[in-house]
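FYI, our numbering numbers position 221 of the sequence shown as 233, with every residue one higher than the one before it. Structure, as structure tokens:
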Amino acid sequence: MPNMKYDAYRVYTNLPACGAQRGHGGVIARACWEQQLDMIAEELAMDPIELRLKNMMVTGDVTCNDLNMSSLGMRECIEAVRDRSEWKHKKGKLPKGRGIGMACGFFVSGAGFPIYRSDTYHGTVIVKLTEDGGTALVYTASAEIGQGSDTAFAMIAAEALGIPLEWVRLESGDTDFGVDLGAYSSRQTLMTGQATKEAAEDAKRQVLEVLSEVLDVPVADMDVKRGLIINRVSVEAQMQGAIYMGLGEALYEEVKFDDEGRVRNADLAEYKMPTARDMPPIDAVIVESNEPNGPFGAKEVGEGAIMPTIPAVLNALSDAVGVRLNELPLTPERVYLAIKEYKNKSELLR
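In structure tokens:
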């Protein structure tokens, strides 16, 4: 869509204030949008996947809100899902009460716009080599909040320096180590990771320049090669975690309020979350599209993967029983009442 117009309203309520969560600002909109695409496809008698393949963005496109698609593997992702799920053999062909659904989603890598508009670096990293040559010290003020950024930075430094990962020691989360704006908008690996790569490459350059003088060998003829690429296991875990959280929002989780705006289920006994026993098998298919602004082509995966989860479930529900719900979670009661209402309307139209 090259153009967009919308009306926005800010509403004051007596409910608790909201905050950022995985995919913030996009999850609910995506749930509505992806259902609408399926509804359009149904009206056009077109396969929902084909509709998306005909209308998706490509690398180099710029969105109406000025996000640059510097890399985009959407087509490859959709085709991988289509083939791995046996979509063509299942869509509209499963037994009554069973369905298959798909949806798309992506998220900005490295924040769409800076929170602080200034010429100051938004992430700095120091790489220091110990005098005995046995350890590389990496210092960053970035926040490790469980997303695995410390591991990613250590691996990036090892790859850029050309040394084994076990030779890298990393310290993070201290503002004495430099500048970092924080863990938000999937910016750590792309931005701080790139700073880590540049710092490590500069450290290696300095070492090679000294060796060049001592050995009388041109720098261009020397290199250090014993590194390794960024963590594949972490990427798969991020994809699985996003699906876990998306399924929780779609099927289980709901904050309930009383008439005074107080939370009625503020404990884990009443606020239902999926457990490991509730998770289905997940086939995490990694499609690499080489982000030019990220370290070694890396970009975000944790937030984009939650975007399609909810609408995929909702589209699968429609495929299975022919109803669409506009309220989450999909409790058995809500689904049953929706099916009952659908049947009653169908009988009235006969």
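Every residue gets a Cβ at the ideal spot worked out from N, C-alpha and C, and that includes glycine.
Environment of residue i [buried if 16+ CB atoms lie within 10 Å]
{"i": "Asp-295", "result": "exposed"}
{"i": "Cys-44", "result": "exposed"}
{"i": "Thr-25", "result": "exposed"}
{"i": "Thr-287", "result": "exposed"}
{"i": "Ser-358", "result": "exposed"}
{"i": "Leu-329", "result": "buried"}
{"i": "Ala-32", "result": "exposed"}
{"i": "Cys-30", "result": "exposed"}
{"i": "Lys-209", "result": "buried"}
{"i": "Ser-154", "result": "buried"}
{"i": "Ile-322", "result": "buried"}
{"i": "Asn-356", "result": "exposed"}
{"i": "Leu-360", "result": "exposed"}
{"i": "Val-236", "result": "exposed"}
{"i": "Ile-255", "result": "buried"}
{"i": "Val-299", "result": "exposed"}
{"i": "Phe-119", "result": "buried"}
{"i": "Pro-320", "result": "buried"}
{"i": "Asp-290", "result": "exposed"}
{"i": "Arg-96", "result": "exposed"}
{"i": "Asp-192", "result": "buried"}
Residue i to residue j span [Cα, whole Å]
{"i": "Val-226", "j": "Gln-218", "result": "13 Å"}
{"i": "Thr-187", "j": "Met-81", "result": "32 Å"}
{"i": "Arg-94", "j": "Tyr-196", "result": "31 Å"}
{"i": "Gly-260", "j": "Gly-253", "result": "11 Å"}
{"i": "Met-58", "j": "Gln-47", "result": "14 Å"}
{"i": "Thr-204", "j": "Trp-179", "result": "20 Å"}
{"i": "Leu-63", "j": "Tyr-128", "result": "39 Å"}
{"i": "Ala-3", "j": "Leu-340", "result": "One cannot answer for residue 3 here, as it falls past the ends of the chain, which runs 13 to 362."}
{"i": "Lys-2", "j": "Ala-317", "result": "With the chain covering 13 to 362 only, the question about residue 2 has no answer from this structure."}
{"i": "Met-16", "j": "Val-267", "result": "32 Å"}
{"i": "Glu-265", "j": "Ala-281", "result": "12 Å"}
{"i": "Pro-293", "j": "His-134", "result": "39 Å"}
{"i": "Ala-170", "j": "Leu-79", "result": "31 Å"}
{"i": "Pro-307", "j": "Gln-206", "result": "5 Å"}
{"i": "Ala-53", "j": "Pro-60", "result": "5 Å"}
{"i": "Thr-152", "j": "Ala-172", "result": "16 Å"}
{"i": "Gly-334", "j": "Lys-352", "result": "11 Å"}
{"i": "Ala-211", "j": "Ile-138", "result": "6 Å"}
{"i": "Asp-331", "j": "Lys-103", "result": "8 Å"}
{"i": "Arg-244", "j": "Asp-270", "result": "45 Å"}
{"i": "Thr-136", "j": "Gly-185", "result": "12 Å"}
{"i": "Leu-337", "j": "Gly-117", "result": "20 Å"}
{"i": "Leu-141", "j": "Ile-175", "result": "12 Å"}
{"i": "Arg-346", "j": "Leu-326", "result": "13 Å"}
{"i": "Ala-350", "j": "Asp-50", "result": "18 Å"}
{"i": "Leu-27", "j": "Val-247", "result": "36 Å"}
{"i": "Ser-130", "j": "Met-167", "result": "30 Å"}
{"i": "Glu-221", "j": "Leu-149", "result": "20 Å"}
{"i": "Tyr-21", "j": "Met-68", "result": "29 Å"}
{"i": "Arg-274", "j": "Gly-37", "result": "24 Å"}
{"i": "Pro-107", "j": "Glu-98", "result": "15 Å"}
{"i": "Tyr-18", "j": "Glu-213", "result": "46 Å"}
For residue i, the residue or residues it bridges with in DSSP
{"i": "Asn-80", "result": "Val-74"}
{"i": "Ala-195", "result": "Answer by DSSP bridge pairing: none, since Ala-195 is not bridged."}
{"i": "Leu-182", "result": "Val-150"}
Would you call the region 97-112 in contact with the region 73-86, where contact means no fewer than 3 C-beta pairs closer than 8 Å? no
Where are the alpha helix (DSSP H) runs, 4 residues long or more, that stay fully inside the region 227-308, in chain order? 244-263
Are at least three pairs of beta-carbons, each pair with one atom in the region 301-308 and one in the region 199-214, less than 8 Å apart? yes
Quick test of the definition: if touching needs 3 or more C-beta pairs under 8 Å, does the region 86-102 touch the region 137-153? no
Please specify which runs of the beta strand (DSSP E), each continuous and at least 3 residues long, are wholly inside the region 97-141, giving them in chain order. 137-141
Quick check: the region 311-331 against the region 228-237, are there 3 or more CB pairs under 8 Å? no
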